[in-house]
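The structure appears below as structure tokens.
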Amino acid sequence: MSDQVNMYGEWLKAEIKVSEAYHNHKETVVKLKMKNAELIVKYDFGTFPETWTVSTKSSTAHVGPTLGLFNRKTDVRLRTVSGFEPGWVYPPYCESQTRFSCELQDEWDLAAFIRLVLNEDS
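Just so we're on the same page, the working numbering is the position in the sequence shown counted from 1, plus 507.
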């Protein structure tokens, strides 16, 4: 089993690179780079329900099916995303499938979302 986990970890490292990370005393924002996409990711500690804010920029036509992982119409631009620069908050998915911001509920949704972007990216 540990060989499978290690093999998966090596595969994942080859697919995704952490290009930048921004830290302050309250939060961490991470930029992830893939072959044809970039994700800016932040976990909002202390919120209920949990929230992961993700901004996605993809050079492909669209990220693909979203499988109900997030509300395609939620406009994250309507509020301040602590830790995000103003230029990192994009329109909702319903306005642009190549450049959008969304909110995910937990780390499992984030993992599934990254996998969807990776599949579209290849």
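Note that CB positions come from ideal geometry on N, CA and C, so glycine has one too.
Need the endpoints of the beta strand (DSSP E) that W559 sits in, please. Working through the sequence shown from its first residue, we reach residue 559 at position 52. Its beta strand (DSSP E) spans residues T558 to S565.
Quick check on this structure: which residue in F620, A618 and Q612 has the alpha carbon closest to the alpha carbon of P556? By 1-based counting over the sequence shown, the position of residue 556 is 49. That would be Q612, whose Cα lies nearest to the Cα of P556.
Best match in G594, C601 and T560 for proximity to D616 [C-alpha to C-alpha]: Translated into positions along the sequence shown, residue 616 becomes position 109. Checked all of G594, C601 and T560; the closest Cα to D616 is T560.
Note down the Cα distance separating G575 from C609, rounded to an integer number of angstroms. Counting from 1 along the sequence shown, the entry for residue 575 is found at position 68. Counting from 1 along the sequence shown, the entry for residue 609 is found at position 102. Spanning the two alpha carbons is a distance of roughly 12 Å.
Is it right to say F620 is buried, meaning 16 or more other beta carbons lie within 10 angstroms of its own, or is it exposed? Indexing the sequence shown from 1 puts residue 620 at position 113. Flag for F620 reads buried.
For the segment 572–619, which segments carrying the beta strand (DSSP E) assignment without a break, of at least 3 residues, lie completely within its bounds, in sequence order? 606–611
Taking the alpha carbon of Q604 as the point to measure from, which residue in L625, D582, R586 and K564 has its own alpha carbon closest? Your numbering for residue 604 matches position 97 in the sequence shown. Q604 has its Cα closest to that of K564, out of L625, D582, R586 and K564.
Which partner residues does I547 have in the DSSP bridge list? Numbered from its first residue, the sequence shown carries residue 547 at position 40. BP columns for I547 point to K538 and S562.
Can you grab the Cα-Cα spacing for the pair E522 / K542, in whole Å? Sequence index remark: in the sequence shown, residue 522 carries index 15 (1-based). Sequence index remark: in the sequence shown, residue 542 carries index 35 (1-based). Answer to the nearest angstrom: the Cα atoms are 7 Å apart.
Taking the alpha carbon of P599 as the reference point, which residue from R622, F591 and F577 has its own alpha carbon closest? In the sequence shown, residue 599 corresponds to position 92, counting from 1. For the residues R622, F591 and F577, the minimum Cα distance to P599 belongs to F577.
Whether E534 touches K549 by CB criterion (8 Å): On the sequence shown, residue 534 is found 27 positions in, with the first residue counted as 1. On the sequence shown, residue 549 is found 42 positions in, with the first residue counted as 1. Yes, they are a contact pair.
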